[in-house]
Amino acid sequence: MLWRILLIQAVTRVPVWIVLLSFGSRFPQFISGLVQIILLLVYWWIRRPGPRSWLGMHLLLSLFCSIALLYPISPMGYGLMALVVFLVQGRTDRDRVPLYFSSYEVLTVLATLMPQNQGVFFDLGCGDGRVLAYLSKRYPGWGFKGFELALIPWLLAQWRCRDCANVEIFRSSFWQAPINQADVIYCFLSPEPMRELGDQFSQQGHKGSLLISNSFEIPDGHPDQVLTIKGVLQTNLYVYLFAHQ
Ligand SMILES: C[S@@+](CC[C@H](N)C(=O)[O-])C[C@H]1O[C@@H](n2cnc3c(N)ncnc32)[C@H](O)[C@@H]1O
């Protein structure tokens, strides 16, 4: 991955920078950064490698780097940025689970997997609450609980679900979630916590409960169903049924 990033930087930025320098340009780094943004847009237009939100993220990052090269940022500025990252991403350093969102395609498939008319649904690491808001409107007989540690996503989830009477959102770690109370557990995390989560599910799940993991499998687990989701990301939903007891 790192070599690819370095290669992209080298191909898209360094030659432009050298040309600008040789013409005595005043802001070679800034302008080469802008050229890189244009190349990124062209690449995206041709290949469409991911959802549009990724493009926005990369553009903002490139633009920010260019501006940072033009106007030196004080150490306080970097401290502030670290704080914003912490408020948005929570303890990514510890949990290894960053913030990104389930696609609309995933939501529509999830809605077909709810096994009965009533039950309890958990979203472990519920982000901005989009999964809970979407399903709670379609399944008024269900109770929905979200667990989220990062402050800003948690606030967004509270706001998004403000009119959903059957949704509760907790600002707590999903490791504290009472798994035994859930009929369906949904998660979209990362490879890092999946083994431990699988262990927790197999110890605390109740007969008939489902664990649905977006994109990340439980290592050595055997999903009862694998659903391929259409859309730019082409992810899988791994469905595990708790069959004991
Ligand atoms: C990939 S996002 C998924 C968001 C949402 N479930 C969705 O599918 O759109 C994962 C979320 O888990 C949160 N998270 C990471 N570790 C957590 C923990 N230990 N307890 C609660 N939330 C956590 C992150 O802050 C992030 O918002």
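Residue numbers (our numbering): 50 to 294. Quick reminder that beta carbons are idealized off the backbone N, C-alpha and C, glycines included.
- Contact check for Val288 and Ile261: beta-carbon distance about 5 Å, within the 8 Å limit, so the pair qualifies.
- Under the three-state reduction of DSSP, Thr284 is assigned to coil, being neither helix nor strand.
- Inclusion of Gly178 and Ala206 in the CB contact set at 8 Å is warranted, their separation being smaller than that value.
- Judged by DSSP in its simplified three-state form, Leu69 adopts helix.
- Going by C-alpha positions, Trp103 is about 10 Å away from Tyr149.
- With 16 or more other Cβ atoms from the protein chains shown falling within 10 Å of its own Cβ, Arg209 counts as buried.
- Counting only heavy atoms of ligand 1, the residues whose C-beta sits closer than 6 Å to one of them are, along the chain, Gly139, Asp144, Val146, Leu148, Tyr149, Phe150, Ser151, Asp172, Gly174, Cys175, Gly176, Arg179, Val180, Phe196, Glu197, Leu198, Ala199, Pro202, Ser222, Phe223, Trp224, Phe237 and Leu238.
- A direct Cα-Cα distance of roughly 7 Å separates Arg62 from Gly82.
- In terms of Cα proximity to Met163, the closest of Leu136, Phe135 and Gly192 is Gly192.
- Secondary structure of Leu276 (DSSP, three-state): strand.
- For Leu56, the number of other beta carbons within 10 angstroms of its own is below 16, and it is reported as exposed.
- The Cβ atoms of Gly176 and Pro147 lie no closer than 8 Å to each other.
- Distance from the CA of Cys114 to the CA of Val133, rounded to the nearest whole angstrom, comes to 16 Å.
- Counting only the Cα atoms, Asn263 lies some 11 Å from Leu173.
- In this structure, Leu90 is the residue among Ile95, Leu119 and Leu90 with its C-alpha nearest to the C-alpha of Met106.
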